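full-length UniProt numbering applies: residue 1 is where the sequence shown begins, and numbers increase by one.
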Amino acid sequence: MITAERRRIEEQLIRLDRDISLLEKKLSDQENILESIGSTYRRIHNLKSSLFLMDLNESLKHVYLLEQIFEKLRTGNMILSAKALDAFSDTLQWIKGDLGISEQKNADRESLIDRLKDLLASEESQLNKTRSFNLTSDEKALLRDARNSNLNIFLVEQSLDTSISRESYRDLPLFNKINEIGMIAVKTPEYINLKAATKDSNVPLKVIFITDRKQKDMKDPLLKAAVPFEDDLYLTQRDYKILIIEDNPVARLLQKSIMSDFGVCDTVNDGEAGINLFTLALEENSPYHIILLDLVMPGIGGSEVLSRIREIEEEHKVRGLDRSKVIVSTTTTESSTLMDLFRAEADAYIFKPMTKEKITREMSNLKLI
């Protein structure tokens with residue numbers, strides 16, 4: 001008997017097969033492929049959730065790696081290549097074989113896993129022009145504020161001699177012209193990073209700047225080449241990987257609808273499933289940034305889940321700011337219980353019912369937004 005979850009997986013695989021064909025057609029147009037990559041990433045994420053629910057752990061390992069590849073693609077830390085698409089196609093074929101949908105042509109599981117890992121390791125440096133920025137959270141916040149204030153954001157590029165002096169770099173005519181009409185938000189490379197380049201070589205200097213001017217109004221030769229910087233991946237807050245552990249289906253759905261504004265959400269309905277998914281994510285080097293954890297659940301309660309999460313992080317040598325931010329939801333107001341939560345290293349707690357206002361306030365307090 002074919003279950004509803006299995007049918008869902010088969011439908012997801014069909015859609016992903018179509019995605020491969022579409023991405024192959026767009027392969028030569030890296031500037032306009034990002035939206036398709038984002039759609040494919042969300043489908044891969046949904047497939048991962050479906051495989052997890054059916055305990056298809058071998059296929060799940062492949063999809064975790066595939067999800068990491070597309071996370072790098074959609075955030076500009078990798079360029080889509082024919083090699084990546086071939087590995088994508090072979091991964092889908094392997095999953096079909098695992099499910100018994102078709103012959104498993106790619107029977108060498110370890111070989112395919114190695115190919116996916118090699119892609120993650122080897123293609124990160126192949127960045128295109130507008131994706132070569134690795135923006136800090138402060139820089140992203142500045143660009144978001146500019147967008148929300150209806151200011152214009154532009155990217156301009158020029159060649160830079162790496163033998164330039166610090167004073168000459170600081171007083172570059174391009175910088176001066178930008179400062180006359182607006183402000184520089186990001187520039188790369190900074191002067192300190194030029195020393196890593198070969199002496200007397202040229203590198204591209206890329207500058208993102210903010211102004212109230214329109215493109216047609218920038219007549220200066222140094223600024224005429226500026227193009228709008230419209231990469232919403234850098235201007236939105238959808239950066240986080242989020243795990244929601246909540247036994248109440250209505251509360252779980254509500255929290256997912258709220259947290260989807262901040263990232264991609266996985267949901268589970270009990271503590272054991274939450275611990276398993278958290279552990280698997282760490283083992284696959286794709287950890288959760290934020291965890292919403294219900295304190296009172298059947299079976300393993302929230303306090304024990306929190307303790308296990310911190311123990312697992314310690315076992316994997318994940319410490320300090322690299323640890324997941326755990327926000328506990330509770331109905332109790334007993335000070336002893338709340339103190340126990342902080343002793344167990346919860347980052348915050350929220351009294352139920354959970355609302356967008358409460359969650360946003362705590363995320364702001366934790367410097368997540």
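The beta carbon of each residue, even a glycine, is placed where N, CA and C say it ideally should be.
None of the values given here were measured: they were computed from a predicted structure.
Practice task
For residue 243, name the three-state secondary structure that DSSP assigns.
Solution key: Position 243 of the sequence shown, counted from the start, is the residue given in the question as residue 243. In the structure shown, the three-state DSSP call for residue 243 is strand.
Problem - Short Cβ contact (8 Å threshold) for residue 117 with residue 65 - result: Taking the sequence shown and counting its residues from 1, one reaches residue 117 at position 117. Taking the sequence shown and counting its residues from 1, one reaches residue 65 at position 65. The answer is yes: Cβ separation under 8 Å.
Practice task
Taking only the alpha-carbon atoms, compute the straight-line gap between residue 443 and residue 290 and give it to the nearest angstrom.
Solution key: Residue 443 falls outside the range modelled here, since the chain spans only 1 to 369, and no answer is possible.
Practice task
Spell out a yes or no on whether the stretch 263 to 276 and the stretch 244 to 252 are touching, meaning 3 or more CB-CB pairs, one atom from each, closer than 8 Å.
Solution key: Touching, yes.
Exercise for the section: Please report how far the alpha carbon of residue 13 lies from the alpha carbon of residue 145, in whole angstroms. Expected result: Position 13 of the sequence shown, counted from the start, is the residue given in the question as residue 13. Position 145 of the sequence shown, counted from the start, is the residue given in the question as residue 145. Rounded to the nearest angstrom, the two C-alpha atoms are 39 Å apart.
Problem - Reduced DSSP category for residue 36 - H, G, I as helix; E, B as strand; rest coil - result: Working through the sequence shown from its first residue, we reach residue 36 at position 36. The answer is helix: DSSP assigns residue 36 an H, G or I state.
Practice task
Enumerate in chain order the residues of its own chain whose CB-to-CB distance from residue 305 is below 7 Å, with the five nearest sequence positions on each side excluded.
Solution key: Sequence index remark: in the sequence shown, residue 305 carries index 305 (1-based). Counting only Cβ-Cβ distances below 7 Å, and skipping sequence neighbours, we find 245, 271, 274, 275, 293.
Practice task
Could you work out which residue in 100, 48, 71, 211 is closest to residue 35 when comparing CA atoms only?
Solution key: Taking the first residue of the sequence shown as 1, we reach residue 35 at position 35. Taking residue 35 as reference, the option from 100, 48, 71, 211 with the minimal CA-CA separation is 71.
Problem - Where residue 363 sits in the DSSP three-state scheme - result: Along the sequence shown, one-based indexing puts residue 363 at 363. In the three-state scheme derived from DSSP, where H, G and I count as helix and E and B as strand, residue 363 is classed as helix.
Practice task
Take residue 351 as the anchor and find which of 295, 312, 343 has the nearest alpha-carbon.
Solution key: One-based indexing of the sequence shown puts residue 351 at position 351. For the residues 295, 312, 343, the minimum Cα distance to residue 351 belongs to 295.
Exercise for the section: Tell me where the beta strand (DSSP E) around residue 183 begins and ends. Expected result: Along the sequence shown, read from residue 1 onward, the residue named residue 183 stands at position 183. Per DSSP, residue 183 belongs to the beta strand (DSSP E) from 182 to 188.
Problem - Exposed unless 16 or more other CB atoms sit within 10 angstroms - verdict on residue 299 - result: Position 299 of the sequence shown holds residue 299. Exposed, since its Cβ has fewer than 16 Cβ neighbours within 10 Å.
Problem - Start and end residues, beta strand (DSSP E) containing residue 327 - result: Walking along the sequence shown from the start, residue 327 turns up at place 327. Start and end: 325 to 330.
Handout entry: Beta-carbon separation (whole angstroms), residue 17 vs residue 92, contact threshold 8 Å
Key = Taking the sequence shown and counting its residues from 1, the one referred to as residue 17 is at position 17. Taking the sequence shown and counting its residues from 1, the one referred to as residue 92 is at position 92. Their Cβ separation, rounded to whole angstroms, is 6 Å, which keeps residue 17 and residue 92 in contact under 8 Å.
Practice task
Consult DSSP for residue 51 and reduce its assignment to one of helix, strand or coil.
Solution key: To locate residue 51, count along the sequence shown from 1; it is residue 51. Of the three classes helix, strand and coil, the one that applies to residue 51 here is helix, per DSSP.
Handout entry: CA-to-CA distance, residue 226 to residue 356, given in whole angstroms
Key = Here residue 356 corresponds to residue number 356 of the sequence shown, with the count starting at 1. Here residue 226 corresponds to residue number 226 of the sequence shown, with the count starting at 1. Cα to Cα, the separation comes out at about 38 Å.
Exercise for the section: Pull up the distance between the alpha-carbon of residue 56 and that of residue 10, whole angstroms please. Expected result: Taking the sequence shown and counting its residues from 1, one reaches residue 56 at position 56. Taking the sequence shown and counting its residues from 1, one reaches residue 10 at position 10. When rounded, the distance between both Cα atoms is 13 Å.
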